[in-house]
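A quick write-up on the structure given underneath.
2 protein chains.
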Amino acid sequence: MAGIKDVAAEAGVSVATVSRVLNSHPSVSEEARVRVLAAVETLGYRPNAVARSLRTAQTRTLGLVISDVLNPYFTELARFVEEEARALGYSVIIGNADERPELQDHHIRTLIDRRIDGLLVSPADGGSPLMREVALGGTPMVFVDRWIPGIDVPVVRADGTGAVKDLVAHLHGLGHRRLAIIAGPAATTTGNERVEAFRDAMRELGLALPDAYIGQGDFQAASGRLATQRFLALAEPPEVVFAADNLMALGALDAIRARGLRVPDDIALAAFDDIPWFVHTDPPITAIAQPTADLARAAVRALADRIEGRTPQSVTLPARLVVRRSCGGAASNQRSDR
Amino acid sequence: MAGIKDVAAEAGVSVATVSRVLNSHPSVSEEARVRVLAAVETLGYRPNAVARSLRTAQTRTLGLVISDVLNPYFTELARFVEEEARALGYSVIIGNADERPELQDHHIRTLIDRRIDGLLVSPADGGSPLMREVALGGTPMVFVDRWIPGIDVPVVRADGTGAVKDLVAHLHGLGHRRLAIIAGPAATTTGNERVEAFRDAMRELGLALPDAYIGQGDFQAASGRLATQRFLALAEPPEVVFAADNLMALGALDAIRARGLRVPDDIALAAFDDIPWFVHTDPPITAIAQPTADLARAAVRALADRIEGRTPQSVTLPARLVVRRSCGGAASNQRSDR
DNA sequence: ATCATCCGTGTAATCGATTCCATGGCTCTG
DNA sequence: CAGAGCCATGGAATCGATTACACGGATGAT
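Going down the list, the sequences are from chains W and U.
Taking the working numbering, the leading residue of the first sequence gets -3, the next gets one more, and so forth.
Taking the working numbering, the leading residue of the second sequence gets -3, the next gets one more, and so forth.
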């Protein structure tokens, strides 16, 4: 593969001049420029990004570590992150932690070794020593969706409290009183916040959230299934199950079906995170939608700000309730999404 | 950040010795080894992968260019590709082409510039000049799922002909005679092959596939919706719609619902590509499942073979039919997947 | 005892770019 | 017309690793 030296030889100039042309440095004569460009063209020269990175100490690459690529919410997030990063001239390397802290650490380490310019993380746990070290070590970093208290890094996330309040009011209005929730891992912020928001919203309406109505999940479908089986086995099962993410909602749906029950007639179901498939399930599922694209864009911009010496800002955007048929009532096939 | 020189100084040896220890070169005294390791530990030294790559001319990174990350089939593929690559000591950079050839070219170019060791591609089109050039240029490359005729590169894919035949027999057995298909883009191999397999299977049963029953899609939901609307507007609409991928099936489901029809009573539906969500749609959708994990593993291994000087092999694995309720008949909620 | 081998180690070249500094020619100014 | 300043350019240092080569000392064979 042709190098800068070959181009210099072909154009009859020095490598310094070639480099200047390629980086549009002002001090280059028009004649040299055209000669270099012609040489680049005939040789099909492409600069070696590895060599350039070594010298300039920047890779124009961002690392994105997410907890589960198979979760459509994160897939979508990743897609928009890449889009915005590309617009800003960065590439993205995605690391899938699969909700496993040690895998998360593995990815963070390789990304750092590769000298990525910045790191976007949705932590799978409450904070590995490594993550703290990296943040303190000066690597530009931004948390997205989830964050870790005590690590001083900008956070870009959605605030679901308003939407959860709307949801609880909606359920209350439909006559439901016994509401249960499948929580996410206690080690994640989203795992806790959603339960708290739910509990608060219920309290405001004078409803209690007994411990038996709090299932412990891990953001995976199987845990949603299990938690729901427990709910259904209670002497007084809940009238509504609210899953803290979309995969657990699917597990819940499974468990309900397996029990021979029907949604929403026998039991209602709602989920945090709206995904396209919820329109097509039986029945379509009422969900809380996050502004995924905006979150992704804001996160990338915050990270780019940090990298390029500007002051990054934490961003919190509101989530909103999308009512479908899974909780009963008249709300029908409305095109409330997209 | 500490460099190899700092480690050498700390350990009281030369950089060469440090490098030897780190690369487990045999000619190092036990004493030097422990001293270097200790120095590495106290300094928290991590080798700079960029510098190493420049010198060794390998990045231990694979590029994966897929046509649509939001398509669960490709998401899953990407996830298993990363898993296998990691097991083999490679990182993966994913490029999402969004079914747009120019975006695909962009990703290929940046990946080449970054000197990835090999490229895994599921081409979005019939073959850009760039792709041909890269393949000819000696970059190790493997096609996965889709491929480009005329480019001599190993192909790892699923063969759906058997499963399609099973599907058509299943439909025929249920009494369906007017079968329609929503095809993928003609520029993709999967777009054509699936139609051909369908047509052949029908012919064997003495059925014709009229042009009006071939919808042109682009593997996106919207195109499935459109094609289905056309089918339903025909004087004699089909009894079955078979979508060549999962997103178009979803679009078809939308169109059928919008028309006020019911699946499978009014019209049957089946899809190529099985995804977890198909279990939860209304009704669960009969689909042709690809062995995604095996495909991903085979593709990565073929690429690693090529990179490491062994002879890579093309691999074709059979897809299989998973019967659910969307085509009618007795096939019920069976757990036929996973 | 002598010479060849081998082993552990260090010095320096190398990968392919960017960039500091020196240089020579030119223009501008006083 | 001389000195200052600027511009285009090239030579060489540099980034942080790997590795070819040289070298001295120890070991083994004859």
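Think of the CB as a built atom: it goes at the ideal place given N, C-alpha and C, for glycine as much as any other residue.
In this text, all values refer to a predicted model and were calculated from it rather than measured experimentally.
Just the chain U side, please: which residues come within less than 8 Å of Ser49 (chain W) by C-beta, in chain order? Stepping through the first sequence from its first residue, residue 49 (chain W) is reached at position 53. Correct list: Val46.
In the DSSP assignment, the alpha helix (DSSP H) including Asp301 (chain U) goes from what residue to what residue? As a working note, residue 301 (chain U) is residue 305 in the second sequence. Segment 288 to 303, the alpha helix (DSSP H) holding Asp301 (chain U).
Do the CB positions of Arg153 (chain W) and Thr288 (chain W) come within less than 8 Å of each other? In the first sequence, the residue the question calls residue 153 (chain W) occupies position 157. In the first sequence, the residue the question calls residue 288 (chain W) occupies position 292. Contact: no.
Give me, in chain order, the residues of the same chain whose beta-carbon lies closer than 8 Å to that of His168 (chain U); leave out the 5 immediate sequence neighbours on both sides. Taking the second sequence and counting its residues from 1, one reaches residue 168 (chain U) at position 172. Contacts found: Leu201, Leu203.
Residue burial classification, Gln100 (chain U) (beta-carbon count within 10 angstroms, cutoff 16): Counting from 1 along the second sequence, the entry for residue 100 (chain U) is found at position 104. Taking all protein chains shown into account, Gln100 (chain U) has 16 or more neighbouring C-beta atoms within 10 Å of its C-beta and is therefore buried.
Contact list for the stretch 229 to 243 of chain W against chain U, Cβ threshold 7 Å: Interface annotation for the stretch 229 to 243 of chain W against chain U: empty, criterion Cβ-Cβ distance under 7 Å.
Is Met137 (chain W) helix, strand or coil when you go by DSSP? Sequence index remark: in the first sequence, residue 137 (chain W) carries index 141 (1-based). DSSP places Met137 (chain W) in strand when its eight states are reduced to three.
From the DSSP output, which residues share a beta bridge with Arg153 (chain W)? Here residue 153 (chain W) corresponds to residue number 157 of the first sequence, with the count starting at 1. Beta-bridge pairing by DSSP links Arg153 (chain W) to W:Thr312.
Cα-Cα separation, Gly180 (chain U) to Val164 (chain W): By one-based count along the second sequence, residue 180 (chain U) stands at place 184. By one-based count along the first sequence, residue 164 (chain W) stands at place 168. Between Gly180 (chain U) and Val164 (chain W), the C-alpha separation is close to 43 Å.
Rounded to whole angstroms, what's the CA-CA distance from Asn92 (chain W) to Ser63 (chain W)? Just pull it up for me. In the first sequence, the residue the question calls residue 92 (chain W) occupies position 96. In the first sequence, the residue the question calls residue 63 (chain W) occupies position 67. So the two alpha carbons sit approximately 6 Å from each other.
Taking Cβ positions only, does Arg109 (chain W) come closer than 8 Å to chain U? Start at 1 with the first residue of the first sequence, and residue 109 (chain W) comes out as number 113. Checking the sequence shown, residue 109 (chain W) turns out to be Asp, not Arg. At least one chain U Cβ lies under 8 Å of Asp109 (chain W).
Which same chain residues, not among the five before or five after Gly325 (chain U), have their C-beta less than 7 Å away from its C-beta? Taking the second sequence and counting its residues from 1, one reaches residue 325 (chain U) at position 329. The residues are Leu170.
Which residues does DSSP list as the beta-bridge partners of Leu60 (chain W)? Locating residue 60 (chain W) in the first sequence gives position 64, where the first residue counts as 1. DSSP lists W:Ile90, W:Leu116 as partners of Leu60 (chain W).
Using only the alpha-carbon positions, how far apart do Ala249 (chain W) and Arg320 (chain W) sit? For this step, residue 249 (chain W) is matched to residue 253 along the first sequence. For this step, residue 320 (chain W) is matched to residue 324 along the first sequence. One detail in the question is off: residue 249 (chain W) reads as Leu in this sequence, not Ala. The straight-line gap from Cα to Cα measures roughly 15 Å.
Assuming Leu265 (chain U) and Ala245 (chain U) form a contact by the criterion Cβ under 8 Å, report the distance between their Cβ atoms to the nearest whole angstrom. In the second sequence, counting from the first residue as 1, residue 265 (chain U) sits at position 269. In the second sequence, counting from the first residue as 1, residue 245 (chain U) sits at position 249. About 6 Å separates the two Cβ atoms, so the contact holds.
I'd like to confirm the pairing. Which residues does DSSP put opposite Phe238 (chain W) in its beta bridges? As a first step, residue 238 (chain W) must be located in the first sequence, where it is residue number 242. Answer is W:Ile177, W:Ala266.
Taking the straight line between their C-alpha atoms, what separation do you get for Leu115 (chain U) and Ile210 (chain U)? Residue numbering aside, residue 115 (chain U) sits at position 119 when the second sequence is read from its first letter. Residue numbering aside, residue 210 (chain U) sits at position 214 when the second sequence is read from its first letter. When only Cα atoms are considered, Leu115 (chain U) and Ile210 (chain U) end up about 34 Å apart.
Evaluate the contact criterion for the stretch 100 to 109 of chain W versus the stretch 48 to 56 of chain W: three or more CB pairs, one atom per stretch, below 8 Å. The answer is no - the stretch 48 to 56 of chain W does not touch the stretch 100 to 109 of chain W, with fewer than three Cβ pairs under 8 Å.
For Gly211 (chain W), the residue or residues it bridges with in DSSP: Translated into the one-based positions of the first sequence, residue 211 (chain W) becomes position 215. Answer is W:Ile178.
Need the endpoints of the beta strand (DSSP E) that Thr282 (chain W) sits in, please. Residue 282 (chain W) sits at position 286 when you count from the first residue of the first sequence. Boundaries of the beta strand (DSSP E) harbouring Thr282 (chain W): 282 to 285, taken from the DSSP string.
CA-CA distance, Leu50 (chain W) and Pro234 (chain W)? Taking the first sequence and counting its residues from 1, the one referred to as residue 50 (chain W) is at position 54. Taking the first sequence and counting its residues from 1, the one referred to as residue 234 (chain W) is at position 238. Answer to the nearest angstrom: the Cα atoms are 59 Å apart.
Could you tell me whether any Cβ in chain U is nearer than 8 Å to the Cβ of Ser87 (chain W)? Numbered from its first residue, the first sequence carries residue 87 (chain W) at position 91. Interface residue, yes.
So is Arg75 (chain W) in contact with chain U if we call contact Cβ pairs under 8 Å? Locating residue 75 (chain W) in the first sequence gives position 79, counting from the first residue. Look at Arg75 (chain W): its C-beta is under 8 Å from a C-beta on chain U.
Between the C-alpha atoms of Asn329 (chain W) and Ala283 (chain W), what's the straight-line distance to the nearest angstrom? Taking the first residue of the first sequence as position 1, residue 329 (chain W) is located at position 333. Taking the first residue of the first sequence as position 1, residue 283 (chain W) is located at position 287. In this prediction, Asn329 (chain W) scores a pLDDT of 41, lower than 50, which makes its location untrustworthy; the coordinate-derived value is nonetheless stated afterwards. Their backbone Cα atoms lie some 14 Å apart in a straight line.
Check the Cβ of Arg42 (chain U) against every Cβ in chain W and list those closer than 8 Å, keeping chain order. For the purposes of this step, residue 42 (chain U) is identified with residue 46 of the second sequence, where counting begins at 1. Those are Arg105, Ile108, Asp109, listed as they occur along chain W.
Residue from U:Glu80, U:Phe139, U:Ala197 with nearest C-alpha to His166 (chain U): The residue given as residue 166 (chain U) occupies position 170 in the second sequence. Looking at the Cα atoms, U:Ala197 is the closest of the given residues.
Per DSSP, which one or two residues make a beta bridge with Val36 (chain U)? One-based indexing of the second sequence puts residue 36 (chain U) at position 40. In DSSP, Val36 (chain U) forms no bridge with anything.
Let me see if you follow: with CB-CB separation under 8 Å, is Glu382 (chain W) close to chain U or not? Outside the displayed range of chain W (-3 to 334) lies residue 382 (chain W), so it cannot be described from this structure.
Could you give the first and the last residue of the continuous alpha helix (DSSP H) run that contains Leu50 (chain U)? Here residue 50 (chain U) refers to the residue found at position 54 when the second sequence is read from its first residue. 45 to 52 is the extent of the alpha helix (DSSP H) around Leu50 (chain U).
Euclidean distance between Cα positions of Ser124 (chain W) and Pro145 (chain W): If you number the first sequence from 1, residue 124 (chain W) lands on position 128. If you number the first sequence from 1, residue 145 (chain W) lands on position 149. Distance between the alpha carbons of Ser124 (chain W) and Pro145 (chain W) is about 12 Å.
Using a cut-off of 9 Å between C-beta atoms, extract the partners of Asp278 (chain W) located in chain U. Sequence index remark: in the first sequence, residue 278 (chain W) carries index 282 (1-based). Within 9 Å Cβ-Cβ: His276, Thr277, Asp278, Pro279, Pro280.
Is it right to say Arg199 (chain W) is buried, meaning 16 or more other beta carbons lie within 10 angstroms of its own, or is it exposed? Numbered from its first residue, the first sequence carries residue 199 (chain W) at position 203. Per the 10 Å Cβ criterion, exposed.
Checking contacts by CB at 8 Å: is Leu246 (chain W) closer than that to chain U? If you number the first sequence from 1, residue 246 (chain W) lands on position 250. At least one chain U Cβ lies under 8 Å of Leu246 (chain W).
Using only the alpha-carbon positions, how far apart do Gly8 (chain W) and Leu39 (chain W) sit? Your numbering for residue 8 (chain W) matches position 12 in the first sequence. Your numbering for residue 39 (chain W) matches position 43 in the first sequence. Taking the straight line joining both Cα atoms gives about 14 Å.
For Arg111 (chain W), collect the residues of the same chain with a Cβ closer than 6 Å to its Cβ; drop the 5 residues on either side in sequence, then sort them by chain order. The residue given as residue 111 (chain W) occupies position 115 in the first sequence. Taken in chain order, the residues that qualify are Thr55.
I'd like to know if the stretch 298 to 314 of chain U and the stretch 290 to 310 of chain W are in contact, where contact means that at least 3 CB-CB pairs between them fall below 8 Å. The answer is no - the stretch 290 to 310 of chain W does not touch the stretch 298 to 314 of chain U, with fewer than three Cβ pairs under 8 Å.
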